[in-house]
Structure formats: structure tokens, C-alpha cells
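Residue numbers (the numbering used here), protein chains in the order written: chain A, 18 to 712; chain B, 50 to 268.
Just so it is clear, CB atoms sit at the ideal spot from N, CA and C, and this is done for glycine as well.
Take a look at the structure set out below.
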Ligand code: HEM
Ligand SMILES: [Cu+2]
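Encoded structure:
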């Protein structure tokens with residue numbers, strides 16, 4: 018199997034002499050540049066995953082700051098903290114940030130880091146496109162945020178309804194930034210989706226059948242499929258709006274006879290699958306965390322997988338539940354009301370499966386586990402208020418009130434964010450080699466849990482009392498004062514808990530090394546060292562079970578209880594902390610493993626996109642420059658072999674390749690086939706012989 | 050797929066693995082599904098494109114059937130030159146044939162012929178684009194600009210998006226042609242041609258749908 022097969026159409030063919038050393042004569046190919054520069058050119062899925070995570074957390078701080086300002090304004094009736102114009106910008110940017118720049122990239126980061134490790138691959142299917150996705154996401158986010166300095170941020174809400182988003186009602190550039198910024202991040206998501214789907218389907222280690230993939234991989238895969246089909250729909254909506262705003266088209270101009278519902282349909286056909294894009298991978302995370310800390314296999318694995326797939330399908334048939342009050346007609350309302358009630362069924366299946374896993378398990382309440390159980394409980398509350406929305410007559414009372422705000426925060430914060438924090442505490446030792454402090458982490462969890470419920474719990478009440486969302490003030494005497502004050506206090510508790518987390522992260526560098534498998538994990542990522550080597554595994558695993566790593570460590574006695582095996586083998590050289598208790602290291606020579614080399618082109622192409630966008634708003638010269646960068650970058654990427662032919666002489670291609678390579682005469686061949694060096698890799702039992710080509 | 054894979058005992062998998070060809074010249078196709086990453090990626094991308102065109106076509110159909118009181122300018126439907134567009138549609142359709150011929154030629158390592166057909170495909174595509182440019186200009190001359198009314202915005206956007214897709218396809222075909230001239234497209238890499246072909250046929254099929262829904266079926 019080609020482990021990191023990537024063959025853009027123009028790349029050199031097998032065995033040909035590689036001549037393109039300095040693409041366009043400008044750059045020398047980055048090779049083993051140490052330090053920060055290696056991060057700019059890296060194509061390693063693990064580094065890219067870390068960058069996604071770090072960037073998303075920075076945006077999380079920004080989005081949180083916006084939320085605090087909103088809450089400060091609403092702490093008391095007739096708030097004077099913010100001008101209503103600014104208030105509109107803040108809630109728009111808050112929602113847009115949290116959805117598109119925090120949860121989506123955070124989950125993309127997990128998927129990037131974990132999928133190859135969990136399926137026993139050396140990298141994703143297209144490592145350079147992977148880097149490209151990250152840079153496009155980053156630049157798209159920065160582009161969107163630059164609007165604050167260029168005349169004001171978008172102010173029409175995260176769903177940006179027409180005709181309010183038209184030039185007539187929103188003459189500034191804010192909405193333009195929104196439209197173009199989301200188009201840019203959409204490219205990142207689409208490329209990422211293709212990349213990760215191909216990775217899941219094509220790069221699995223021998224024996225890793227689809228139904229042996231960890232649930233996280235499955236849920237991430239379903240989410241990528243949703244992205245694949247949802248992104249083009251919002252892209253259409255964004256293009257139409259952009260043509261309206263920039264070139265005078267009429268799609269949402271009511272005077273010309275346009276139908277504003279067109280926007281609503283397009284947005285929510287994207288928007289509802291999008292909420293599953295935000296939650297399914299988080300479900301996947303806790304489905305891997307809960308079994309580990311219950312010391313039991315996941316209850317009903319196939320049900321978990323198929324309910325996820327079912328949600329993925331049904332998620333396409335419920336979008337108009339966001340439009341019950343838009344006048345779509347009684348038949349539509351009835352049909353979408355029913356379909357929305359039905360979608361709660363597979364969701365409920367998951368909740369029962371988690372409870373079934375916890376049931377009679379040997380539970381250990383680590384911070385990761387606390388957040389996972391937090392998801393199960395808090396998401397359930399959000400799911401229930403969702404079912405209340407699905408009753409259309411009920412929804413006409415709730416829609417556009419704080420009740421809806423309470424609902425989606427229970428599913429997005431109590432669901433997705435809790436899942437993300439669970440994953441952060443769980444995989445931190447894998448990614449960085451040491452744990453986050455459990456003690457500080459518990460403070461973090463309980464503060465966040467209390468703050469979260471204090472902030473969003475009361476919103477149910479004021480929402481049912483009719484307090485409208487997206488309104489900058491409310492008068493006194495409505496009976497909302499106390500609840501709003503509590504909500505504001507809660508939001509500052511959440512902020513405090515975030516600072517506790519940051520402190521935990523900063524301090525954690527002093528923590529002792531955690532070893533390869535600190536939680537006695539079940540899936541393959543725990544079978545390699547922490548952090549894993551660039552090439553992930555010294556030995557390519559051959560998989561015989563679901564929860565393969567567990568089965569390598571444990572046997573069963575007659576009564577079905579797990580008994581630790583006397584000996585089992587890690588998949589990479591590990592440190593001393595991990596050995597003992599039967600663990601051994603594989604004895605293999607990894608020197609002939611070649612990975613794709615770092616490349617400048619992803620970042621160059623990605624940088625072109627915001628330039629094109631600025632150009633559309635200000636001067637076409639910028640667009641031309643951006644266009645040249647994109648086209649030049651694509652050609653450069655196409656001509657450059659994915660493994661630098663020179664790199665084989667001194668390292669493994671990856672920027673931080675470990676130690677001198679064998680000095681092979683690398684040819685274009687290696688650009689395509691990078692795998693376990695034949696003879697040596699194959700010494701491991703059952704390793705797929707010759708999975709990589711020899712040099 | 051998953052079910053049968055699930056039931057396959059691990060020995061079988063290991064066995065299959067032993068048959069991985071060991072010679073360096075073997076194509077890099079040993080993936081879990083047997084499809085190469087590039088081809089699978091292209092299929093996925095085209096799946097995504099279906100929804101892009103689905104959205105655009107829906108927007109057009111919605112606005113064409115809408116009765117706008119006091120609509121400015123002509124209706125698109127009144128300006129169609131069906132015989133002309135039929136001919137250009139036929140040209141595009143034929144380009145799919147030449148694309149197939151080019152693929153089969155390169156698979157037989159008949160590079161001269163492959164190049165000829167590649168170039169023919171690109172030329173047919175360019176003819177189609179020229180027809181579209183002519184159509185657009187004649188519509189504009191008759192008073193239907195991009196911003197004239199709802200229908201015109203939707204029409205130009207939809208057909209324009211398709212035109213851009215064809216143009217990108219032409220660029221890819223020309224790149225293949227140049228690669229082939231420089232000897233970078235040996236028969237073992239015929240899959241590259243196949244993948245570009247997938248894209249080309251897709252764009253062609255989309256046009257058939259657009260032609261039927263937009264031009265032939267009256268509002
Ligand atoms: C049990 C499953 C769920 C049901 C039945 C459900 C139902 C609904 C309904 C009917 C609405 C429209 C309320 C209105 O605007 O009047 C709504 C809004 C919303 N839901 Fe859910 N939902 C469910 C799960 C989720 C999940 C898992 C997420 C995200 C992770 C989510 C995120 C949202 C968001 C963001 C909105 C509000 C959008 C906005 O108006 O800005 N929901 N939900
Ligand atoms: Cu929804």
C-alpha cells in the first residue's frame with residue numbers, strides 16, 4: 018500500500034530523473050529547516066493537527082471575548098456598554114467565529130492528528146493539500162477578522178438573512194468580508210473533507226476493516242461526508258450574495274421580485290448538516306474516551322456507527338425546522354416537524370449506548386472522563402429542548418427568543434466544546450508527551466460546568482418568557498433582570514475556567530513524561546511513542562480486532578475478564594516509562610522510511626486567496642497578484658515531486674526527520690511510494706511485505 | 050462493502066498483502082479500496098460539485114418560473130436560439146468521445162494519437178466556450194444584461210459557472226498535452242488522463258442537464 022501516495026497530475030513519473038530542484042528558480046526546497054520555519058512548510062499531519070488546534074483556541078479566546086462584551090451589555094436592563102451597531106457586529110462575529118473558526122477547525126485538528134494514527138497509516142492521503150487546508154483556514158479567519166479594522170465587521174447574524182444582508186440595508190463592507198471569508202474557509206473544509214475521506218477509505222492498515230475503525234474515525238468520516246455535500250450549498254448562497262453585493266445581481270433584491278426564502282433554504286440546507294458536522298466528531302471523541310475510563314468495550318459499537326450514519330442521512334431532511342415562522346406553508350411545516358422528531362431517535366440511541374458503556378464499568382473520573390460524561394448529560398438537555406422546537410406550534414413561541422439560544426448552546430458548548438475538552442485532556446499526553454494536571458483540570462471542569470449552566474440554564478426561562486435574541490437591550494420590569502445578571506456572572510465563570518485551562522497548559526511542560534500509553538488505551542495511537550515519531554509507527558500494524566491495541570495487551574480468562582498478557586509489543590521505539598508490565602519495543606530499522614518533504618507551495622497558494630478577496634473589494638490589482646500566486650503555486654505544487662529527491666541523502670524528508678537516512682539514490686518513485694522499508698519493516702509479524710517500494 | 054470486509058478473516062487479508070507486487074515499476078495503487086487516492090479524490094470532488102450545480106440550477110428554475118410584475122427587460126426564454134445551442138451542445142458531447150479516444154490511445158502507449166485526441170478535445174471545448182461567448186454577447190445586445198432582471202442574473206450565473214468549469218477543463222487538457230510532448234505522460238500514468246477525463250465527462254453531463262432544464266423545457 019502506498020502510505021503517502023500523492024501524485025498531482027504534473028508530478029514526475031516513476032523512475033524519471035527529478036530535475037525541478039528550484040521551482041521557478043526562486044526557492045530552494047525547504048528541507049530540514051529547524052525551528053519555527055519548519056512549521057510554515059510542514060506537511061506532517063501531526064504538526065498540522067497541532068496548528069489547527071492552537072489556531073482554533075486563539076479564535077476561541079477572541080469569540081469568548083466578544084461573548085463577554087455581549088453579556089456585559091446585557092447584565093442589566095437598558096445596558097449602555099455597547100452601541101447597538103457594535104452589539105450587532107459582536108454577536109455576528111461571535112457566532113461566526115465559534116462555528117467556523119473554533120469548533121470546525123478544532124475537530125479538523127483532531128481528525129488530522131488522530132485519523133492516520135488510529136487507522137495505522139503514516140500520513141493522510143494528500144499531505145501537501147492538508148497543509149494547504151490549514152493555511153487557507155487561517156488566512157480566511159484572519160481575513161474575516163480584518164474587517165474590524167476596515168470599516169466594521171459583519172453585523173447581520175451568523176445566518177445572515179436576506180434581504181437584510183443586501184447592500185441597501187448593509188452598505189458597508191462588513192457583509193462582504195463575511196461572504197468572502199467564509200468562501201475561503203469553505204475551500205479549506207472542502208479540500209480537507211476530500212483528503213480525510215480518502216485517508217479513511219484508502220490508507221487503512223492491513224486488517225483495519227471499516228468496522229474495526231475506532232468510533233472517532235467513523236464519526237469524523239461521516240462529518241467529512243456532510244462537509245463534502247454541505248459546503249457547495251453554502252458556496253452557492255455565498256456566491257449569489259456576493260454577486261448581488263459586488264456586481265448588482267438581483268438574487269435577493271426584493272424590489273426586483275426576488276424571494277428572500279431562497280437564502281434561508283440554501284443556508285439551512287447547509288446549516289442543519291453543519292450542526293452535525295459540529296457534533297458528530299465530538300460524539301466520536303467521547304465514544305473513545307468513555308470505554309477507556311470504564312475499562313469496557315463500547316456498548317453496541319455497530320449501533321454507534323450506524324446511528325451516526327443515520328444521523329448523517331437524516332440530517333439532510335430537517336432543514337426547514339429553522340423556518341417554521343417564515344411562512345413555508347402547513348404541509349412543509351408538518352413534514353419537517355415530523356422528520357425533526359425522528360432525528361432525535363438515532364441521537365437517543367447514542368446516549369443509551371454511552372450509558373450502557375458506563376453501566377457496571379470500572380469508572381475512573383479523570384478530567385477527560387468528566388468532560389465526556391458532561392457531554393452526555395448536557396447534550397441530552399440540549400437535545401430535549403431541540404425536540405421541543407420540533408413541535409412547530411411550540412416553536413412559534415420559542416423561535417428567535419433566548420430559548421433557542423439556550424438550546425444551541427447546550428448542544429454546541431455542552432456538546433461539542435465539552436467533547437473537545439475531553440479530547441484535549443485525553444490526547445494531550447499523546448501529542449505532547451506529558452499530561453495536563455488532573456488537579457487543575459478538575460478545577461477547570463467544575464468551574465466550566467457551573468459557569469456553563471449558570472449562563473445558559475436561565476436562558477430557557479427568559480426565553481420562554483419571550484425575551485428576544487439579537488436585541489441590544491431590554492427594558493426593566495419584564496422580570497428578566499435577575500436571570501440576565503446570573504447569566505453574565507456565569508459567562509465570567511466560563512472565562513475564568515478558560516484561564517485555568519491556559520494556566521494548566523502553560524504549567525504542564527514541567528510535568529513528567531507520561532509514556533506511550535498512560536491511560537491503558539484501546540486504540541492504535543497508544544501503541545506508538547508519545548509524541549509519535551514523524552513516521553507514526555516503526556512497524557506497520559496488521560489489525561485483527563476492533564480495539565486492536567487492547568487485544569494486544571489483554572487476553573480473556575474463562576469468565577471473560579481481561580488478563581494482561583505477559584508480553585506485547587509496541588509499534589515504535591518507546592521510552593522507559595512505557596516499558597515494563599510486558600511491553601516491549603519492536604526491533605526494526607526505520608531508516609528507509611521516506612515521507613513527503615515539506616513544501617512552500619501550500620502557504621503560497623493559500624496566501625493568494627485573501628489577496629484576491631481584498632482585491633475584489635478595493636483594487637483589482639491585488640486580485641491579479643493573488644491570482645498569480647494561486648496559479649503559480651498550483652503549477653509549482655504540480656511540478657514538485659512530493660518527496661524531495663535530494664532529501665533522501667540526509668534525512669527522511671519530513672522537516673524534523675530523525676537521523677541520517679541510508680543515502681539512497683531517491684528517485685521520483687519515492688515521491689509516490691513511501692512506506693515501511695521493505696525488508697526491515699516486514700520483519701514485524703504479519704507486516705504487509707513490500708508495502709513500500711525499495712529504493 | 051463493510052460487511053464483507055468485516056467477515057474476511059485476517060489471514061485472507063494478510064494473504065492478499067503478500068501479493069503486493071514487489072517490482073518497483075508497479076503502479077502505486079495498493080490502497081484499501083483498490084482505487085487510487087487521486088481517482089477516489091476526484092470522484093468525491095465531483096460528488097460535491099453535483100450539489101454546487103444543483104443549487105445553481107434550483108435558483109434558476111425558481112426565478113424563471115416566478116412571475117414578476119413589471120419585470121424589466123426581456124425574459125431569457127424569449128432569446129434562446131435553440132438550433133445554435135443544440136449545435137454547441139453537440140460539439141461538447143463529441144468532446145467526451147474524443148476524450149475517451151485519447152485515453153484509450155494513451156493506454157495503448159500510442160502517444161501521437163493520444164496527443165491528437167487531447168488537443169481535439171480541448172479544441173471542441175474551446176468551440177463550446179466560443180459559442181457561449183457569442184450567445185452572451187447577442188443576449189446583451191438584445192437588452193438582457195447581467196443585472197437586468199432576476200432571470201438574467203440567475204441565467205448568466207448558472208451558465209457562467211458551467212463555462213468556467215469547461216475552461217478549467219481545457220486548461221487541464223492543455224497541460225496534459227504539454228506534459229505528453231515533454232515525455233512526462235508515459236502509458237503507466239494514463240490514469241492522470243483518466244482522472245481529467247472523469248472531470249470532463251462530468252462537466253459534459255452537467256451541460257446536458259442544464260440544456261434540458263434551462264433551454265428545452267419551457268418555463
Ligand atoms: C435532538 C436533536 C435536535 C433537534 C430535534 C433540534 C431541533 C432544532 C430546531 C427545531 C431548531 C430551530 C429553533 C428555532 O429557530 O426556532 C434548532 C435550532 C438550532 N439548533 Fe438544534 N436540534 C437538535 C440538535 C442540535 C445539535 C446537535 C446542534 C449542534 C451541535 C444544534 C444546533 C442548533 C443551532 C445552532 C440552532 C439555532 C440556529 C440559529 O437560529 O441561529 N441542534 N434546533
Ligand atoms: Cu437544525
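* Asked: When burial is assigned at 16 or more other CB atoms within 10 Å of the CB, is residue 495 of chain A buried or exposed?
  -> By one-based count along the first chain, residue 495 of chain A stands at place 478. Result: exposed.
* To do: Spatial neighbours of residue 492 of chain A within its chain, please: CB distance less than 8 Å, with the 5 preceding and 5 following residues excluded, ordered by chain position.
  => Taking the first residue of the first chain as 1, we reach residue 492 of chain A at position 475. Closer than 8 Å at Cβ, skipping near neighbours: 94 and 95.
* Where residue 264 of chain A sits in the DSSP three-state scheme -> Within the first chain, residue 264 of chain A is the residue found at index 247, counting from 1. Correct three-state label for residue 264 of chain A: helix.
* Asked: So is the beta-carbon of residue 552 of chain A under 7 Å away from any non-hydrogen atom of ligand 2?
  -> Numbered from its first residue, the first chain carries residue 552 of chain A at position 535. No, the Cβ of residue 552 of chain A stays beyond 7 Å of every heavy atom of ligand 2.
* **Straight-line Cα distance separating residue 99 of chain A from residue 282 of chain A** => Walking along the first chain from the start, residue 282 of chain A turns up at place 265. Walking along the first chain from the start, residue 99 of chain A turns up at place 82. Spanning the two alpha carbons is a distance of roughly 32 Å.
* residue 248 of chain B CB to nearest chain A CB: under 8 Å? -> One-based indexing of the second chain puts residue 248 of chain B at position 199. Contact with chain A is absent for residue 248 of chain B, since none of that chain's Cβ atoms lies less than 8 Å from the residue's Cβ.
* **Sequence-distant residues of the same chain with beta carbon closer than 8 Å to residue 391 of chain A, five excluded per side** => Numbered from 1 along the first chain, position 374 holds the residue referred to as residue 391 of chain A. For residue 391 of chain A, where only same-chain residues beyond five positions count, the Cβ hits under 8 Å are 431, 435, 439, 462 and 466.
* In whole angstroms, what is the alpha-carbon distance linking residue 121 of chain A and residue 293 of chain A? -> Translated into positions along the first chain, residue 121 of chain A becomes position 104. Translated into positions along the first chain, residue 293 of chain A becomes position 276. Straight across, the Cα-Cα distance linking residue 121 of chain A with residue 293 of chain A is about 11 Å.
* Indicate, with yes or no, if ligand 2 has a heavy atom lying under 7 Å from the CB of residue 727 of chain A. => The structure shown does not extend to residue 727 of chain A, since chain A is modelled only from 18 to 712, so the question has no answer here.
* To do: Would you give the residue range spanned by the beta strand (DSSP E) that residue 240 of chain B belongs to?
  => In the second chain, counting from the first residue as 1, residue 240 of chain B sits at position 191. For residue 240 of chain B, no beta strand (DSSP E) segment is defined; the enclosing uninterrupted segment is the alpha helix (DSSP H) at 239–259.
* Asked: Are the C-beta of residue 275 of chain A and some C-beta of chain B separated by less than 8 Å?
  -> Here the question's residue 275 of chain A lines up with position 258 in the first chain. By the rule that beta-carbons nearer than 8 Å mark a contact, residue 275 of chain A touches chain B.
* Asked: Can you find a CB in chain A that lies within less than 8 Å of the CB of residue 122 of chain B?
  -> Counted from its first residue, the second chain places residue 122 of chain B at position 73. It does not: the Cβ of residue 122 of chain B has no partner Cβ on chain A nearer than 8 Å.
* Asked: Of all the CB atoms in chain B, is at least one closer than 8 Å to the CB of residue 370 of chain A?
  -> Within the first chain, numbered from 1, the residue matching residue 370 of chain A stands at position 353. Residue 370 of chain A does not count as touching chain B.
* With respect to the beta strand (DSSP E) encompassing residue 524 of chain A, which residues constitute its N-terminal and C-terminal limits? -> For the purposes of this step, residue 524 of chain A is taken as the residue at position 507 of the first chain. Where residue 524 of chain A is concerned, there is no enclosing beta strand (DSSP E), although the alpha helix (DSSP H) it sits in stretches over 498–524.
* **residue 248 of chain B burial status per 10 Å Cβ neighbour count (16 or more: buried)** => Residue numbering aside, residue 248 of chain B sits at position 199 when the second chain is read from its first letter. Counting Cβ neighbours within 10 Å, residue 248 of chain B comes out buried, since at least 16 surround it.
* To do: Indicate whether at least one CB of chain A lies closer than 8 Å to the CB of residue 206 of chain B.
  => For the purposes of this step, residue 206 of chain B is taken as the residue at position 157 of the second chain. It does: the Cβ of residue 206 of chain B has a partner Cβ on chain A nearer than 8 Å.
* residue 271 of chain A versus A:180, A:114, A:318 and A:508, residue with shortest Cα-Cα distance -> Counting from one through the first chain, the residue named residue 271 of chain A turns up at place 254. The shortest Cα separation from residue 271 of chain A among A:180, A:114, A:318 and A:508 belongs to A:180.
* Does DSSP classify residue 193 of chain A as helix, strand or coil? -> By one-based count along the first chain, residue 193 of chain A stands at place 176. In the three-state reduction of the DSSP assignment, residue 193 of chain A falls in the helix class.
* Would DSSP call residue 221 of chain A helix, strand or coil? -> Here residue 221 of chain A refers to the residue found at position 204 of the first chain. It is coil, neither helix nor strand.
* Asked: Roughly how many angstroms lie between the CA atoms of residue 171 of chain B and residue 64 of chain A, to the nearest whole one?
  -> Along the second chain, one-based indexing puts residue 171 of chain B at 122. Along the first chain, one-based indexing puts residue 64 of chain A at 47. Cα to Cα, the separation comes out at about 41 Å.
* **Where the segment 96–118 of chain B meets chain A: residues whose CB sits under 9 Å from a CB there** => Within the segment 96–118 of chain B, the qualifying residues are 96, 97, 98, 99, 100, 101, 102, 103, 104, 105, 107, 108, 111, 112, 115, 116, 117 and 118.
* residue 150 of chain A beta carbon less than 8 Å from that of residue 203 of chain A -> By 1-based counting over the first chain, the position of residue 203 of chain A is 186. By 1-based counting over the first chain, the position of residue 150 of chain A is 133. Cβ atoms of residue 203 of chain A and residue 150 of chain A: not closer than 8 Å.
* heavy atom of ligand 1 below 7 Å from residue 425 of chain A C-beta -> Start at 1 with the first residue of the first chain, and residue 425 of chain A comes out as number 408. Under cutoff, so the answer is yes.
* Should residue 410 of chain A be flagged as near chain B, meaning a C-beta pair shorter than 8 Å? -> Locating residue 410 of chain A in the first chain gives position 393, counting from the first residue. With a threshold of 8 Å between beta carbons, residue 410 of chain A makes no contact with chain B.
* Would you mind stating whether residue 609 of chain A and residue 554 of chain A have Cβ atoms separated by less than 8 Å? => Your numbering for residue 609 of chain A matches position 592 in the first chain. Your numbering for residue 554 of chain A matches position 537 in the first chain. In this structure, the beta-carbon distance from residue 609 of chain A to residue 554 of chain A does not fall below 8 Å.
* Asked: For the putative contact between residue 480 of chain A and residue 507 of chain A, defined by C-beta atoms under 8 Å, what is the C-beta separation to the nearest angstrom?
  -> Locating residue 480 of chain A in the first chain gives position 463, where the first residue counts as 1. Locating residue 507 of chain A in the first chain gives position 490, where the first residue counts as 1. Contact check for residue 480 of chain A and residue 507 of chain A: beta-carbon distance about 15 Å, past the 8 Å limit, so the pair fails to qualify.
* Three CB pairs or more closer than 8 Å across the segment 186–195 of chain A and the segment 642–662 of chain A -> Using a Cβ-Cβ distance cut-off of 8 Å, the segment 186–195 of chain A and the segment 642–662 of chain A are not in contact, since fewer than three pairs of beta carbons, one from each stretch, lie closer than that value.
* What does residue 195 of chain B reach in chain A if we use C-beta pairs closer than 7 Å? -> By one-based count along the second chain, residue 195 of chain B stands at place 146. The contacting residues are 264 and 266.
* To do: Please list the partners that residue 168 of chain B has in chain A, where partner means a Cβ-to-Cβ separation under 7 Å.
  => Indexing the second chain from 1 puts residue 168 of chain B at position 119. Those do not exist, as residue 168 of chain B stays about 17 Å from chain A at its closest Cβ, beyond 7 Å.
* residue 70 of chain A and residue 123 of chain A closer than 8 Å at C-beta -> Taking the first chain and counting its residues from 1, one reaches residue 70 of chain A at position 53. Taking the first chain and counting its residues from 1, one reaches residue 123 of chain A at position 106. Closer than 8 Å, so yes.
* Please name the residue, chosen from A:538, A:573 and A:529, that lies closest to residue 593 of chain A on a Cα-to-Cα basis. => Within the first chain, the letter at position 576 stands for residue 593 of chain A. Looking at A:538, A:573 and A:529, the one whose alpha-carbon comes closest to that of residue 593 of chain A is A:529.
* Asked: What's the gap between the Cα of residue 621 of chain A and the Cα of residue 383 of chain A?
  -> Sequence index remark: in the first chain, residue 621 of chain A carries index 604 (1-based). Sequence index remark: in the first chain, residue 383 of chain A carries index 366 (1-based). Residue 621 of chain A and residue 383 of chain A have their alpha carbons spaced roughly 43 Å apart.
* At what residues does the beta strand (DSSP E) containing residue 581 of chain A begin and finish? -> Start at 1 with the first residue of the first chain, and residue 581 of chain A comes out as number 564. Start and end: 579–581.
* To do: Indicate the three-state DSSP secondary structure (helix, strand or coil) for residue 674 of chain A in the structure shown.
  => Counted from its first residue, the first chain places residue 674 of chain A at position 657. Bear in mind that a pLDDT of 36 at residue 674 of chain A, under 50, signals an unreliable position, so the number given afterwards is only what the model happens to contain. Note: residue 674 of chain A maps to coil in three-state DSSP.
* **Straight-line Cα distance separating residue 139 of chain A from residue 141 of chain B** => Locating residue 141 of chain B in the second chain gives position 92, counting from the first residue. Locating residue 139 of chain A in the first chain gives position 122, counting from the first residue. Residue 141 of chain B and residue 139 of chain A have their C-alpha atoms some 42 Å from each other.
* Asked: Since residue 144 of chain B and residue 167 of chain B are thought to touch, with beta carbons under 8 Å apart, how far apart are those beta carbons, to the nearest angstrom?
  -> Taking the first residue of the second chain as 1, we reach residue 144 of chain B at position 95. Taking the first residue of the second chain as 1, we reach residue 167 of chain B at position 118. That pair is no contact at about 11 Å.
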